[in-house]
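Student: Structure below; questions to follow.
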Amino acid sequence: MRVIAALCAATVLVPGAVQANQYLNSTYIGGGFTTVDRDGPEFDGIRIDGRFVLDPQNSIFGDVSFTEDDNIPGVDVELTFGSVGYRYVFARGASFVVGATGALTFVDVDAGFIEDDDSDVEIGVDGELALGASGVLSGGLAYAIDQEEVVTTIGYTQYITPQLGISGEAEFIDDSDQLTIGAVYRF
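For this note's numbering, add 7 to where a residue sits in the sequence shown, where the first one is 1.
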């Protein structure tokens with residue numbers, strides 16, 4: 008809960024700290040390499056994400072990741088998850104974000120099959136940090152196997168041209184961390 012309180016406080020502080028430019032209010036598509044460490048197996052794969060601007064103050068976003076771990080003999084583990092969210096611009100150069108994620112874990116152990124699912128809900132802020140750069144900070148709760156865990160996400164995008172950017176994101180949950188590096192293209 009301290010993470011959520013800090014993020015709510017950041018919504019008051021961020022507008023004065025960011026500079027406005029065109030990158031925050033743009034539709035984009037992105038993708039890249041992602042790795043998930045779940046206190047044991049490490050999953051590698053791809054992630055595709057994007058944002059669609061509905062009007063100058065409202066947009067929706069989402070992502071989907073496909074990862075797997077083939078390093079254990081006789082075991083094939085696949086982790087597939089996606090998220091959707093809503094973004095509201097509340098000040099010049101800053102916005103409030105809220106999102107939800109669902110995940111499915113499929114474990115094929117030779118002839119056996121195990122399925123597990125979990126989810127998380129996050130709130131946060133994103134903003135333009137400087138000309139051609141944007142960042143996001145969010146936090147919330149993850150629900151997995153009848154237990155709650157704190158989740159924190161931090162991301163950064165640096166545009167190298169007006170349309171093309173390089174992005175990185177890290178999501179930290181008590182027993183599962185995800186790192187993503189990739190590229191974004193804005194329209």
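Cβ atoms here follow ideal geometry from the backbone N, Cα and C, with glycine treated the same way.
At the level of alpha carbons, what is the spacing between residue 141 and residue 37?
Tutor: On the sequence shown, position 134 is the one that residue 141 refers to. On the sequence shown, position 30 is the one that residue 37 refers to. Between residue 141 and residue 37, the C-alpha separation is close to 14 angstroms.
Student: If residue 52 sits next to residue 189, beta carbons under 8 angstroms apart, how far is it from one beta carbon to the other, in whole angstroms?
Tutor: Position 45 of the sequence shown holds residue 52. Position 182 of the sequence shown holds residue 189. Between residue 189 and residue 52 the Cβ distance is about 12 angstroms, and since that is not below 8 angstroms, they are no contact.
Student: With the cut-off set at 8 angstroms, would you say residue 132 and residue 90 are in Cβ contact?
Tutor: Walking along the sequence shown from the start, residue 132 turns up at place 125. Walking along the sequence shown from the start, residue 90 turns up at place 83. No, they are not a contact pair.
Student: Using beta-carbon positions only, say whether residue 177 and residue 161 come within less than 8 angstroms of one another.
Tutor: Your numbering for residue 177 matches position 170 in the sequence shown. Your numbering for residue 161 matches position 154 in the sequence shown. Cβ atoms of residue 177 and residue 161: closer than 8 angstroms.
Student: Reducing DSSP to helix, strand and coil, say where residue 138 ends up.
Tutor: Position 131 of the sequence shown, counting from 1, holds the residue named residue 138. DSSP places residue 138 in coil when its eight states are reduced to three.
Student: Closest to residue 146 by C-alpha separation, out of 57, 157, 192 and 99, would be which residue?
Tutor: Taking the sequence shown and counting its residues from 1, one reaches residue 146 at position 139. Of 57, 157, 192 and 99, the residue nearest in Cα terms is 157.
Student: Count the other CB atoms within 10 Å of the CB of residue 95; is the residue buried (16 or more) or exposed (fewer)?
Tutor: Numbered from its first residue, the sequence shown carries residue 95 at position 88. Its Cβ having fewer than 16 others within 10 Å, residue 95 is exposed.
Student: What does the Cβ neighbour count give for residue 155, buried or exposed, with the cut at 16 atoms within 10 Å?
Tutor: Position 148 of the sequence shown, counted from the first residue, corresponds to residue 155. It counts as exposed.
Student: In three-state terms, what does DSSP make of residue 54?
Tutor: Numbered from 1 along the sequence shown, position 47 holds the residue referred to as residue 54. Residue state, collapsed to three classes: strand.
Student: Identify which residue in 92, 164 and 45 has its Cα closest to the Cα of residue 193.
Tutor: Counted from its first residue, the sequence shown places residue 193 at position 186. Comparing Cα-Cα distances from residue 193 to each of 92, 164 and 45, the minimum goes to 164.
Student: If we ignore side chains and look at the alpha-carbon of each, how far apart do residue 130 and residue 34 end up?
Tutor: Counted from its first residue, the sequence shown places residue 130 at position 123. Counted from its first residue, the sequence shown places residue 34 at position 27. Their backbone Cα atoms lie some 20 angstroms apart in a straight line.
Student: Label residue 26 either buried or exposed according to how many other C-beta atoms from any shown protein chain fall within 10 Å of its C-beta, with 16 as the threshold for buried.
Tutor: The residue labelled residue 26 in the question sits at position 19 within the sequence shown. Note that residue 26 scores a pLDDT of 35, beneath 50, so its modelled location is shaky; the value from the coordinates is reported in the next line. Exposed, since its Cβ has fewer than 16 Cβ neighbours within 10 Å.
Student: Once DSSP output is grouped into helix, strand and coil, what is the label at residue 185?
Tutor: Counting from 1 along the sequence shown, the entry for residue 185 is found at position 178. The answer is strand: DSSP assigns residue 185 an E or B state.
Student: Look at the Cβ atom of residue 69, then the Cβ atom of residue 56, and state whether they are nearer than 8 angstroms.
Tutor: Here residue 69 refers to the residue found at position 62 of the sequence shown. Here residue 56 refers to the residue found at position 49 of the sequence shown. Yes, they are a contact pair.
Student: Under 8 angstroms Cβ to Cβ from residue 65, same chain only, skipping five residues before and after it: list those, please.
Tutor: The residue given as residue 65 occupies position 58 in the sequence shown. Same-chain partners within the cutoff: 93, 94, 95 and 96.
Student: Buried or exposed: where does residue 106 fall if 16 or more other Cβ atoms within 10 Å of its Cβ makes it buried?
Tutor: Position 99 of the sequence shown, counted from the first residue, corresponds to residue 106. The residue is buried, with at least 16 neighbouring Cβ atoms inside 10 Å.
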